[in-house]
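Before any comments, here is the structure.
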Amino acid sequence: MVQFDLLAKSIRAVTGQDKPQHGSAMVVALAGNPNAGKTELFNALTGLRSRTANYPGTTVERKLGYLRVAGKAITIVDLPGMYSLRAVTPEEQIAHDILTGKHPEAPRPDGVVLIVDADNLERNLFLVSQIRELEIPVIVALNMIDIAERHGIQIDAQKLSRELHCPVIPMVAKTGRGVDTLKAELERWVTGHRPKPLPLAFPRSACRCDSACACPAQFQSRFNWSESVAGRCLKAPVVATGRRTEKLDRLLTHPVAGLLSFLAVMLSVFYLIFSVASVPMDLIDGLFARAGDLVAAHVPPGDFQSLLVHGIIGGVGGILVFLPQICILFFFLGILEDSGYLARAAFVMDRLMRRVGLPGTAFVPLLSAHACAIPAIMAARIIKDRRDRLVTILVAPLMSCSARIPVYAMVTALLFPTSPGKAALVFTAAYGSGIVAALIMAFAFKKTILRGETKPLVLELPGYKIPGLRNLLLYTFDRAKVFVQQAGSIILVISLILWALATYPKTEPSVEVSTLAAQAQMENASGNAEGGAMLEHRAADLAAREALAHSFAGRLGHLIEPVVRPLGFDWQIGIGIISSFAAREVIVSTLSIVYGVGEDAATQNREGLYDTLRNATRRDGSRVFTTASSLSLLVFYILAMQCMATQVITRRETGSWKWPILQFSYMSALAYGGAYLTFQGLTALGFG
Amino acid sequence: MTDPGDLRLDQLLPHQFGVIQHIEAPDDDSERLMSLGVCTGRTVELIKAGDPLILKVFATRIGLSARLAARVTVRPLDDNPASAPESEPSHGPV
């Protein structure tokens, strides 16, 4: 019973009982430059024995892993990547605080494993010089020596070890080469042979300030030191490096060719998300439908059955159905990032995106949002500046995600049942409107509440590499886990609330329903099973329709009717809108129920549903779905924030409820205003 | 300190080398530059002109917006540093 297992996990995640019990003998921090292969080493050391959380009060990820050496447990803390100990970004601030023992929550580590990129020794030694001054035991992991060797760089590790007064272990974290030597060194530490750190013979600069000083003289003297140390430890003079990188860069950072390559790459990823993901998504959908049927067959009908089938199984299924898209997106994002390509993509998009006040990196999450806003908002982590990241998160849900497709399909079918050309035009216009709205809003946010210049681009373009599969899989697994645990639990609670709103209070079946049921029994008794079944079905549909109309959700629908009437909607559409605040696509099945076609019609008999909707009338006899009201509904769904899951993820990624509330408010206002203008404008033009 | 021959970083020609003289940018921008190695006294090579441009310092390629590059003063080197004995034996020209 997968879902119960999941439920239990979700509850544990909410109540915070999933903290592993461990009596760790030692805490070791993993530090290093970005792109030096820190995550690869973390994965090589800890594998699946890790967990991810945020540092309290921040959105910086805290990754902890566990490792057993000589029968003793070692906790590995993966510090955020940093170029220097000076805290410029929130990530660097946390890394700095932990290493210096100033972090209020995390204890000072017992030692540091410092990852150094062998292919870029001089620059990496800068951070080494700063951390070696902290009086904390250090092991230098000289990573990516395979790439360095291929570039003709031969480093004398023993000499470097003597220069730095600490062990230096050459390794290739991706393949595991040298990792055992590191473990052996950690074993010495954990069995009590941790050396007292010797002070580093570092020439002081003219300015008498500490390691965290930012004056140019500090940087200058440290870099001079790095260069002389590297010069002494290189066995052979370095010949030309990076020819291949330069050739690739000439294409991939070209203003036109680079842009086209990037679009081609993103379209392929996008295509895979839609095409490949649909198979497991259908499978998950089918699995949960079957589980629902199974429960319905074994549990007597009633509230409990409905709670199990619609509340829990439907709720969990509604969450898990997003998983394939999330996994595929993050797997490919991992490839783009680890190969070094993502930096080039950000580079070529930077100038275009800057016009609306967003950095080049924002393009990836915004494009991903066309599949689903949830992974897009999670992917916004690649944007380093907080303000830029917030703007991207706020506007990402305006992109037409796949959950809007059923609604778009319904409206186009209502408007142009026989004209595929016009239907395609409506679809394209819907996608285009979402993109334009997002760019306008991004610009507006930059001019108002998130005022400020986009940070000028300063971005390392790392050498191209072939990504390691283990790293990719662990990254994907980690993202999926975050989604299921953190969003899943809250989404489940919300779907239970919505289920209750649509189910209670109960009403007695009306005279009509009882009459139909009685007629059905008579038909059955007289041997006309077919007629009996049909009547039973009609009775059930009518009962469901009445139950929904009298439920809290139905009453809310009536309550908001005056509000949605200027948009051309009636109370039935009102219920649809309320129910689709959990997830947009729910409106199709809700409309099937409220217009009395039966819930099954939403999946099995679309044409029957569309016919009914087309002919649906108000009390005064006028049609509900005119051109004006249909387009108004379309505009509403393009712009409205109707996805609890997205809101939960926005809360998680921004660290405060303020942002999801703002996101909800501005998008609702935009949706209402847009739908109002559409309906009133078209009515005035005679399309009512 | 200043020399009439000094240029703005974005004025270097592709594959021309220059020694950083001065960075006149807001603190966090200049710290980001300096921690990546774009720091007074370092020799940099312009790989690709434009906005953003690409710069090489040590073995690192850095994408940099022209707006920020314009705030960095460099003294152009006529020859590349591999043939200039006074400069460092870093990862040389390509």
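Residue numbers (the numbering used here), protein chains in the order written: chain H, 31 to 718; chain Z, 572 to 665.
For glycine and all other residues, C-beta sits at the position ideal for the given N, C-alpha and C.
Between residue 173/H and chain Z, the shortest Cβ-Cβ separation is not below 7 angstroms.
As DSSP reads the structure, residue 96/H sits in a beta bridge with 105/H.
Identification of chain Z residues near residue 490/H by a Cβ-Cβ cut-off of 9 angstroms yields 607, 631, 632, 633 and 634, ordered along the chain. Look at residue 251/H: its C-beta is not under 7 angstroms from any C-beta on chain Z. Rounded to whole angstroms, the separation of the alpha carbons of residue 299/H and residue 126/H is 37 angstroms. When C-beta atoms of the stretch 661-672 of chain H are compared with those of the stretch 427-445 of chain H, three or more pairs fall below 8 angstroms, so the two segments count as touching. Per the C-alpha coordinates, the member of 359/H, 72/H and 694/H positioned closest to residue 408/H is 359/H.
Sequence-ordered contacts of the stretch 91-120 of chain H with chain Z read 113, 114, 116 and 118 [C-beta pairs closer than 7 angstroms]. One thing to note: residue 63/H has its Cβ within 7 angstroms of the Cβ of residue 154/H. The stretch 640-658 of chain H makes no contact with the stretch 555-572 of chain H; the number of CB pairs closer than 8 angstroms stays below 3.
Using a Cβ distance threshold of 7 angstroms, residue 497/H and residue 369/H count as a contacting pair. When the Cα atoms are used, residue 261/H and residue 160/H turn out to be separated by approximately 19 angstroms. Every beta strand (DSSP E) of 3 residues or more that sits fully in the stretch 103-167 of chain H is shown, in chain order, as 141-147.
Rounded to whole angstroms, the gap between the alpha carbons of residue 162/H and residue 123/H is 18 angstroms.
Per DSSP, the continuous alpha helix (DSSP H) segment holding residue 467/H begins and ends at 450-477.
Excluding the 5 residues flanking it on each side, residue 99/H has same chain C-beta neighbours closer than 7 angstroms at 213, 216, 217 and 220, in chain order.
Looking at the backbone, the Cα of residue 590/H and that of residue 598/H are separated by about 13 angstroms. Distance from the CA of residue 557/H to the CA of residue 588/H, rounded to the nearest whole angstrom, comes to 42 angstroms. For residue 163/H, no CB of chain Z lies under 7 angstroms from its own CB, so it is not counted at the interface with that chain. Judged by DSSP in its simplified three-state form, residue 709/H adopts helix. Contact between the stretch 164-173 of chain H and the stretch 193-210 of chain H is established, with three or more Cβ pairs separated by less than 8 angstroms.
In this structure residue 60/H is buried. Its beta-carbon is surrounded by 16 or more other beta-carbon atoms within 10 angstroms.
A Cβ-Cβ contact shorter than 7 angstroms links residue 352/H with residue 402/H.
Secondary-structure assignment with DSSP links residue 84/H through a beta bridge to 91/H. Under a criterion of Cβ atoms nearer than 8 angstroms, no residue of chain Z is adjacent to residue 148/H; the nearest Cβ is some 10 angstroms distant. Contact fails between the stretch 247-263 of chain H and the stretch 138-148 of chain H, because fewer than three Cβ pairs, one in each stretch, are under 8 angstroms apart. Within a 10 Å sphere around the beta-carbon of residue 115/H sit 16 or more other beta-carbons, which makes this residue buried.
At least one CB of chain H lies nearer than 7 angstroms to the CB of residue 611/Z. Excluding residues up to 5 positions away in sequence, 70 and 498 lie with their Cβ nearer than 6 angstroms to the Cβ of residue 204/H in the same chain. The beta carbon of residue 368/H sits no closer than 7 angstroms to any beta carbon of chain Z. Counting along the chain, the unbroken beta strand (DSSP E) around residue 593/Z starts and ends at 588-594. Contacts with chain H at 7 angstroms (Cβ-Cβ) include residue 639/Z. Within the DSSP secondary-structure output, residue 647/Z pairs in a beta bridge with 589/Z.
Against chain Z, a Cβ distance below 7 angstroms from residue 377/H picks out 623 and 634. Sequence-distant Cβ neighbours of residue 158/H in its own chain, meaning closer than 7 angstroms and more than five residues away, are 144, 146, 170 and 194.
Residue 577/Z is outside the set of residues whose beta carbon lies under 7 angstroms from a beta carbon in chain H.
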